Amino acid sequence: MPGQFFNQIMRTNYELIKLVDLELKLNEEREPIEEQLG
Numbered sequence: 003m004p005g006q007f008f009n010q011i012m013r014t015n016y017e018l019i020k021l022v023d024l025e026l027k028l029n030e031e032r033e034p035i036e037e038q039l040g
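The opening position of the sequence shown corresponds to residue 3 in the working numbering, with each subsequent residue numbered one higher.
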């Protein structure tokens, strides 16, 4: 049982990390556009 619980936590963490990573990439792409619009 503890193994399944641990796997669930790791999977959730992995999904969160992917979301944060995607958000950071989007922010990096957005900054130059905002500078151009200025």
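Positions of the beta carbon are idealized from the N, C-alpha and C atoms, including for glycine.
These numbers were taken from a predicted model, which means no experiment stands behind them.
Practice task
Go ahead and pull the three-state DSSP assignment for G40.
Solution key: coil
Practice task
Alpha carbon to alpha carbon, how far is I35 from N15? Give it in angstroms, no decimals.
Solution key: 31 angstroms
Exercise for the section: State the Cα-Cα distance for the pair E17 and F7, rounded to the nearest angstrom. Expected result: 16 angstroms
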